[in-house]
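For reference, the structure is listed below as structure tokens.
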Amino acid sequence: MDARYRTRDIERRSLDVDALKRSFLEWLVYSVGKDARAATRRDWFHTVALAVRDRVVDRWMDTTRTYYTHDVKRVYYLSLEFLIGRLLTNSLANLGIIDECRQALDRIGLSLDEVVDAEPDAALGNGGLGRLAACFLDSMASRNLPGYGYGIRYEFGLFEQRFEHGWQVEYPEQWLQFGNPWEFARPEVLYPVQFYGRVEEFRDSVGERAYRWVDSERVLAMAYDTPVVGFGGKTINTLRLWAARATRDFNFGHFNEGAYMKAVEQKILSENLSRVLYPNDATETGKELRFKQEYFFTSASLQDILRRYLQHHSDFDQLPNKAAIQLNDTHPAIGIAEMMRLLVDQHAVKWDKAWEITQGCFSYTNHTLLPEALEAWPVRLLERVLPRHMQIIYEINAKFLNRSSARAAHDNARLSHLSLIDERGDRRVRMGNLAFIGSHKVNGVSALHTELMKQTVFADFHAEFPDRIVNKTNGITPRRWLHQANRPLSDLITSRIGEGWIHDLSALDALKPKADDVVFREEFRRAKRKNKKRLAAYLARQTGVEINVDSLFDVQVKRIHEYKRQLMNILQTIALYNDMRDSPTVTWTPVTKIFAGKAAPAYHMAKLIIKLINDVGKVVNHDPSVHDNLKVVFLPNYNVTAAEIIMPAADLSEQISTAGMEASGTGNMKLALNGALTIGTLDGANVEIKDAVGDDNIFIFGLTAEEANSLRQGGAYNPRDVIGANPALKRALDMISTGVFSPDDPSRYHPILQSLIDGGDHFLVTADFEDYCTAHDDAVALYRDTEEWTRKAILNTTSMGWFSSDRTVGEYADEIWGVKPIIPDEGDHR
Ligand code: KOT
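Number 1033 in my numbering belongs to position 481 of the sequence shown; there are no gaps in the numbering.
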């Protein structure tokens, strides 16, 4: 760059810095209402966030106006979860003003890092599904795609996890306690949502049969908008979250009885709808309130979508050309019936036309094949809560089954699989089937998972509609997961190939040859070490456990679930502990086992596994005979903020689910992108990660999905025999069962042993154990060869370009949504 320009650039920046500093001081006084001397860290966070938000608003209006004027096709991402995390660094980085902001705060005598740390972590999601939605929002805005997120503004996000005597205890997560500077309340954007009541049949103006939903209870959905800043700050999209508000129409019946307070109480209770996120990941609760949440946000979103459409159109023919509605799992699948109701009952569209429009708009993403997670709501519940929708579902079902090839073939077994109603036991509506037939495309989230969808849960549908199921392998946003979270590595990459990778991650390819460059390897290691030191300090602060920065950081961070097999990991840890004690003269490679993740509050087995890991940690971490060669740390309250510290510091990434059970995984991508080597099964996206990084740069072990399936089907699998044949495994299990880790309650872990031995070991922990240990030994052995390890780590980072959510979202846009990028017109700004 020419020196003249550089000077001008520096001048512009210092102008920005001064302007920023002034706006901070102004915001502090006039909006936060504090004097600089009295301001707390939280006050400063609010100040900075408001000042930054101020810089976003003009471009936000530009974006919204551009979409409106050009009447572009928009995509609406309906999701019960958005696991956003903190937004300050994200907004600053995407606006490109991090350095300016840091300097401005410096001039006031504040550190940006401390201000950033005062922001609560917005945890409006459980895990992968919710974080995927958040990554997609970032990618849609960064690719200048007209995308909206729709969800619920939960007052309480995912519970806070603490350990009491090693047991998980849940506390309410009050992220809104001190206000949320990012959101704009829209009290005028208000939609009624009905529940209960009954359906009346009548004749419309031309004498045709019509229906109206009467005597229902009503709740209002009020909008809160959060700007979604795309990288470069050009496109600012909208995340619209709904909060439940009581209606003001009073039930006069109550007054006549003199029960005014009762009427008011009823109203207040209706606001419980948006109170709390259900803390279940990949399992269904079957609770009425959950179902009402699903309908509440779906109905409000569809009403909003139709209102926006009707600003430009007088009939619905063009709706599929103007609105793509993506269902993030089946949680908003009732939207299929709701769209039919809105079109047919409220806008007098003919049924067949309405169905064509609905199918044209909707598409559905499946995130799991686990039977316990597939939503199926009792018919009785639907009849009571949404009586009109139940009728519509019956009608959809009848028309669909009548036209199906199964009907033509008189194949009753196939008909009963295709039916929207599960007639076994209490009758239930299968939400996956509803989502499938109401959509023009249905996708899985990794190549393997999509294949298994075709072969298992949706096999009959796939035969009926062979073009409907497509694959869209998940991705992660490189902005948050590399550029923001890992400054040392990010700077190193930028120093070699410039900044282009931040919005085109495939640019990392160009760095592959650097794996053979000894200087680059040294710098890569230095970056990793910095991140490890940071994590070690964080773990010490949070848990009191001191770890060796030079040990291998072996990381398993994700929800606690039996299929993810944290149990297999801790069993291997015990075996390693025994080896170290047996051979004290051997020079062991120091290993630190790092765990983090929450268990659903009602998932007793998962909570017991947490307790076991903590109990093992207590014994191992205090045993001087292993000489600090082994430490076990369970970091409490895993969330997006913690993930941002952990991912950059990991050496080894544990992706060890029973093959066929993890739909994709996205933590696997975050860890590999940050230079961790994967130890994993051929499950979910691990398969594609292996193809990308190469067989030599990943530790694959265990049964394949097919083998796992036939082993279980075969009926000959006997965990007892497997345990008997593996002394290390037997010894580890014996130690658990005799109370070595629970001297205060030796039988504490009997349910775990029970499930492995007599329960048939459904997740095949014992079957994969030996192969897992071998893979682990290989990893540890390689870690001693520093240069070779680093070479492979670099190849992991540089091979992950394809796993950007920019790529994923681009595929959805082209192949499912039919939406195109548009650069917002710049308005006249102040
Ligand atoms: C299901 C029901 C309620 C809440 C969450 C789920 C859920 C979450 N189902 N699948 N997931 C995960 O979704 C991720 C994003 O696609 C996947 O990477 C991961 O493998 C799923 O377990």
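Glycine included, each C-beta is placed from N, C-alpha and C at the ideal position. Predicted, not measured: the structure shown is a model, and the values here were computed from it.
Just verifying my parser: in three-state terms, what is the DSSP assignment at R738? In the structure shown, R738 sits in a strand (DSSP, three-state: E or B).
By how many angstroms is the C-alpha of I1231 removed from the C-alpha of M553? Its pLDDT being 42, under 50, M553 is placed unreliably by the model, and nothing is read from it.
Run through DSSP, which three-state label would R979 get? Residue state, collapsed to three classes: coil.
Smallest Cα separation from E1378: which of W612, R936, E840, V1143? Of the candidates W612, R936, E840, V1143, the one whose C-alpha sits nearest the C-alpha of E1378 is W612.
Reference W1053, options D570, S1351, G679, closest by Cα: Cα-wise, what sits closest to W1053 is S1351.
Any heavy atom of ligand 3 closer than 7 Å to the beta-carbon of S1216? Summarising the ligand content, the structure contains ligand 1 and does not contain ligand 3.
Let me know the secondary structure DSSP gives M553 once reduced to three states. Here M553 scores only 42 on pLDDT, less than 50, and its place in the model is too uncertain to base an answer on.
Residue from R859, Y916, I1304, A925 whose Cα sits closest to the Cα of L894: The shortest Cα separation from L894 among R859, Y916, I1304, A925 belongs to R859.
What is the DSSP secondary structure of W1140, counted as helix, strand or coil? If DSSP states are grouped into helix, strand and coil, W1140 belongs with coil.
CA-CA distance, V828 and K844? The C-alpha of V828 lies about 12 Å from the C-alpha of K844.
May I have the straight-line CA-CA distance separating P1040 from V780, to the nearest angstrom? Near 26 Å, if we compare the C-alpha coordinates of V780 and P1040.
With a threshold of 8 Å, are at least 3 pairs of Cβ atoms found where one atom belongs to the segment 1124-1131 and the other to the segment 1084-1094? In the pairwise beta carbon analysis, the segment 1124-1131 is classified as not touching the segment 1084-1094: fewer than three pairs are separated by under 8 Å.
Top-ranked residue by Cα proximity to V1171, from V1184, I1161, P872: Measuring from the Cα of V1171, the nearest candidate turns out to be V1184.
Suppose the cutoff is 7 Å on Cβ atoms and the five residues either side in sequence are ignored; what does the same chain contact list for G1141 look like? Position check: residue 1141 holds Thr in this sequence, whereas Gly was assumed. Closer than 7 Å at Cβ, skipping near neighbours: L1104, V1332, Y1335, R1336.
Sorted by chain position, which residues of the same chain lie with C-beta nearer than 7 Å to D1330's C-beta, five sequence neighbours on each side aside? If we look at D1330 and ignore the five residues flanking it on each side, its Cβ neighbours are F1251.
Give the secondary structure of V609 by DSSP, where H, G and I count as helix, E and B as strand, and everything else as coil. Helix.
Assuming Y812 is part of the alpha helix (DSSP H), what are its boundary residues? Per DSSP, Y812 belongs to the alpha helix (DSSP H) from 812-822.
Under 7 Å Cβ to Cβ from E1075, same chain only, skipping five residues before and after it: list those, please. Excluding sequence neighbours, E1075 sits near L1044.
Distance, Cα to Cα, A775 vs E722? Distance between the alpha carbons of A775 and E722: 29 Å.
Can you give the beta carbon distance from V981 to V1022, rounded, assuming they're within the 8 Å contact cut? For a cut-off of 8 Å, the C-beta gap from V981 to V1022 is around 25 Å, too long to register as a contact.
Going by beta-carbon coordinates alone, are I886 and Y830 separated by less than 8 Å? Against a cut-off of 8 Å, the Cβ pair of Y830 and I886 comes out as no contact.
Boundaries of the alpha helix (DSSP H) in which P1018 is found, first to last residue: Looking at the DSSP string, P1018 is not in any alpha helix (DSSP H), and its letter there is neither H nor E.
Does DSSP put K1183 in a helix, a strand or coil? Reduced to three states, the DSSP call for K1183 is strand.
Beta-carbon gap between M1157 and P1030 smaller than 8 Å: Judged by beta-carbon spacing, P1030 lies beyond the 8 Å limit of M1157, meaning their Cβ atoms are not closer than that value.
Contact set for E1339: own chain, Cβ-Cβ below 8 Å, skip 5 residues either direction: In the same chain as E1339, and ignoring 5 residues on each side of it, the C-beta atoms closer than 8 Å to its own belong to V1070, R1073, in chain order.
Beta-bridge partners of L639, as assigned by DSSP: Answer is none; L639 lacks a bridge partner.
K1084 and V1107 closer than 8 Å at C-beta: With respect to V1107, K1084 sits apart: the two C-beta atoms are not nearer than 8 Å.
Assign I1375 to buried or exposed, taking buried as 16 or more other Cβ atoms, counted over all protein chains shown, within 10 Å of its Cβ. Its Cβ having fewer than 16 others within 10 Å, I1375 is exposed.
Can you grab the Cα-Cα spacing for the pair E1240 / D1134, in whole Å? The alpha-carbon separation between E1240 and D1134 amounts to approximately 39 Å.
Tell me whether the beta-carbon of L1263 lies closer than 8 Å to the beta-carbon of A1327. Using a Cβ distance threshold of 8 Å, L1263 and A1327 do not count as a contacting pair.
Euclidean distance between Cα positions of L841 and S822: Pairing L841 with S822, the inter-Cα distance amounts to about 10 Å.
In angstroms, rounded to a whole number, what distance separates the CA positions of W907 and I888? So the two alpha carbons sit approximately 9 Å from each other.
Check whether the segment 620-629 and the segment 637-649 touch, using three or more Cβ-Cβ pairs below 8 Å as the test. As far as the Cβ criterion goes, the segment 620-629 does not touch the segment 637-649, which means the pair count is below three.
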